[in-house]
Amino acid sequence: MAKKQFQAESKRLLDMMINSIYTQREIFLRELISNASDAIDKLYYKALVDDQLVFNKEDYFIKITADKASRTLTITDTGIGMTQEDLENNLGIIAKSGSLAFKKENELKDGHNIIGQFGVGFYSAFMVADVITVTSKTLGSSEAFKWESEGADGYTIVPTEKDSVGTEIILKIKENTEDDQYDEYLEEYRLKSIIKKYSDFIRYPIKMDVKGQRPKEGSDNEFEEYQEEQTVNSMVPIWRKNKNELTPQDYENFYMEKRYGFDKPLKHIHISADGAVVYNAILFIPENTPFDYYTKEYEKGLELYSNGVLIMDKCSDLLPDYFSFVKGMVDSEDLSLNISREMLQHDRQLTLIAKNIKNKIKSQLLSLLKDEREKYEQFYKSFGRQLKFGVYNDYGANKDTLQDLLLFYSSKEKRQVTLDEYVSRMPEDQKYIYYASGESIERIEKLPQIEVVSEKGYEILYFTDDIDEFAIKTIMTYKEKEFKSVSSGDLGIESDTDKEQTDAEESGSKELFESMQTLLSGKVSKVKASKRLRSHPVCLSTEGELTIEMEKILKAMPN
Ligand code: ADP
Ligand code: MG
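The UniProt record's numbering numbers the first residue of the sequence shown as 1 and each following residue consecutively.
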């Protein structure tokens, strides 16, 4: 039986393409610039194999020109250009990608930079344009052609004149409507910011005529308007540069340019991974806590680039919650993009990258702790709370990753110590890791309960953050040592004589305790003698696992 071919309703398909694929209109510029960059790259690859062709990188550029009077936005490139047939095939057939074909024909594998693959990006320009006019002249041809379309109705191709090889795309920008604004795509500052956002690392200069004001020569207070051609993109991504060539200042500049924060980075991590998955990443640990960090508004995530083109602003899958403070970007050629190039198709590579990144962050934090203690303590002040939440959340699944990164104030050292430092200092007869909870260090120092433990010469960790005790309860043991609140019933240090003494005291003061209990009824459940007290006459304590501090927090939590 003869097989029938599927038919596509081109008009409807194009309509879907234009209106349903992309979530943001502004990406049309990313798509057209990517195409222009691909067109120049093709010349570059041709020159590699053709001795007759010389490729001087300096001669190639992309130019963006906006004209408000005629409502046109023009994207010009000095790339390989298109023949009449190319225009017919690549711009006339939806989902036909000349770039993908080029990659295949020339057997370009990993390491190439050609971006196009789906054959739909071009049509995104119809999101902002009523009419698109493409004039193109291809390498080695004397003829030029003009392709024009108003969208779903079809297109025309006619011969035309063009001086130089390359392509010029003119968009007639739509008029504003009540619901939709298009004027912004004719504004210099807006266009610049779109280029910066998505196409900053396109390897060829993206030029614009930029207007400015400057002081008039020979005058102090008069200004004159001027116009000059500027290159808007930075072109060479810092993450593709050799680490040895980069200074801390370079990373700091990148952090500020990218507006990852208003502070300075405390530490940068530059990763060039060449293993199971190939990617580059530059990550930062900020110096200060962002103002909205501990709120629902804060959004974690890293910028995700594919081949130097921004795909996602905040890819949250790349960071675990407990490292949500990390800023930065990841660039990979190995990602499988979906058709809008806004999302990823399969997350296997992404999962691998995320795991890799998590381990890198952890090891960098550990080395900061080891080698630059002061800096680590500064980091901990800003983000330690998040690490403790990380231990507590997910039923302690991440405690192994995080427990060595925790710091607590030590009664002995009078500063923050790690659990490892605590345990390594423990005298042989000490069974537990002791801690005391309270609002502040000063308050804790006044707690009657800490006296017995201190007297024994044991170190106590002071928990002043409401999450501390919850986190520790999740860890349960560290290096086989259990944690013990100084307020708990069995401290593991009473001797038998103490016990006898208390029993005796208790029986002797039975009446006193009974009258105290009546006086305090409803406020305390029991009054009894304590073997813990030294200089204080009384102390409050709880029965069971929860300490007073934990009860306070649980009570304050919304149900
Ligand atoms: P993709 O870039 O994914 O291939 P597009 O819809 O963006 O899909 O473009 C379709 C094709 O049109 C490209 O593959 C390329 O062959 C051709 N093309 C588009 N813009 C240009 C240009 N500026 N110069 C040369 N060829 C272009
Ligand atoms: Mg494209």
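Even glycine gets a Cβ: it sits at the ideal position worked out from N, Cα and C.
Bear in mind that the values here come from a model prediction, so they are computed numbers and not experimental data.
Between ASP490, ASN338, THR418, which lies nearest to LEU461 when the distance is taken from Cα to Cα? Closest option to LEU461, Cα to Cα, is THR418.
At a cut-off of 7 Å, would you count TYR123 as near the ligand ADP, judging by its Cβ distance to the nearest heavy atom? True, at least one ligand heavy atom lies under 7 Å from that Cβ.
Report the CB separation of ASP317 from LEU350 in whole angstroms; it is logged as a contact under 8 Å. Indeed they touch by this definition, with Cβ atoms about 6 Å apart.
Compare the C-beta of LYS172 against all C-beta atoms of chain D and say whether one is closer than 8 Å. Checking the listed chains, one finds no chain D in this structure; it contains a single protein chain.
Below 7 Å, is the gap between the Cβ of SER136 and the nearest heavy atom of the ligand MG? Flag unset: Cβ of SER136 not near the ligand MG.
Can you check the segment 469 to 495 for any beta strand (DSSP E) of at least 3 residues that lies completely inside it and give the ranges in chain order? Runs of the beta strand (DSSP E) inside the segment 469 to 495: 481 to 485.
The alpha helix (DSSP H) spanning SER454 covers which residue range? According to the DSSP assignment, SER454 belongs to the alpha helix (DSSP H) that extends over 450 to 455.
Beta-carbon within less than 7 Å of residue 560's beta-carbon, same chain only, minus the 5 sequence neighbours each way: which residues are those? No answer is possible for residue 560: it lies beyond the span of the chain, which begins at 1 and ends at 559.
Could you name the residues that DSSP lists as bridge partners for TYR226? Answer is GLY212, bridged to TYR226.
Taking the beta strand (DSSP E) that SER272 falls in, what are its first and last residues? Boundaries of the beta strand (DSSP E) around SER272: 265 to 274.
What is the DSSP secondary structure of GLN416, reduced to helix, strand or coil? Correct three-state label for GLN416: strand.
What is the DSSP secondary structure of THR149, reduced to helix, strand or coil? Here the sequence assigns Ser to residue 149, which means Thr is not the residue at that position. In the structure shown, SER149 sits in a strand (DSSP, three-state: E or B).
Which residues DSSP lists as bridging PHE428, in chain order: Looking at the sequence itself, residue 428 is Glu, so the reference to Phe does not match. Per the DSSP secondary-structure output, GLU428 pairs with nothing in a beta bridge.
If you measure between the beta carbons of TYR198 and ARG30, is that distance less than 8 Å? Remark: C-beta atoms of TYR198 and ARG30 approach each other more closely than 8 Å.
One question on the structure: do VAL210 and GLN181 come within less than 8 Å of each other, judged by their Cβ atoms? Contact flag unset, no.
Express the C-alpha separation of GLY218 and MET16 in angstroms, rounding to a whole number. Spanning the alpha carbons of MET16 and GLY218 requires a straight line of approximately 59 Å.
Is the segment 187 to 197 close to the segment 153 to 168, with three or more CB pairs under 8 Å? No: fewer than three Cβ pairs fall under 8 Å.
Can you tell me whether TYR435 is buried or exposed? The criterion is at least 16 other CB atoms within 10 Å of its CB, across all chains shown. TYR435 is buried by the Cβ-count criterion.
Flag SER34 as yes when its Cβ comes closer than 7 Å to any non-hydrogen atom of the ligand MG, and as no otherwise. Using a cutoff of 7 Å, the CB of SER34 counts as near the ligand MG, since one of the ligand's heavy atoms is closer than that.
Helix, strand or coil for LEU344, going by three-state DSSP, please let me know. Of the three classes helix, strand and coil, the one that applies to LEU344 here is strand, per DSSP.
Label GLN416 either buried or exposed according to how many other C-beta atoms from any shown protein chain fall within 10 Å of its C-beta, with 16 as the threshold for buried. Buried, by the Cβ-count rule.
What do you get for MET1, buried or exposed, if any count of 16 or more other CB atoms within 10 angstroms of its CB means buried? When all chains shown are included, MET1 counts as exposed.
Looking at the structure shown, is SER199 part of a helix, part of a strand, or coil, going by DSSP? Shown here, SER199 sits in a helix according to DSSP, grouped into three states.
Give, in chain order, every unbroken run of the alpha helix (DSSP H) that is at least 4 residues long and sits entirely within the segment 27 to 74. The qualifying runs are 27 to 49.
To the nearest angstrom, report how far apart ALA8 and LEU337 are at their CA atoms. In a straight line, the C-alpha of ALA8 is about 24 Å away from that of LEU337.
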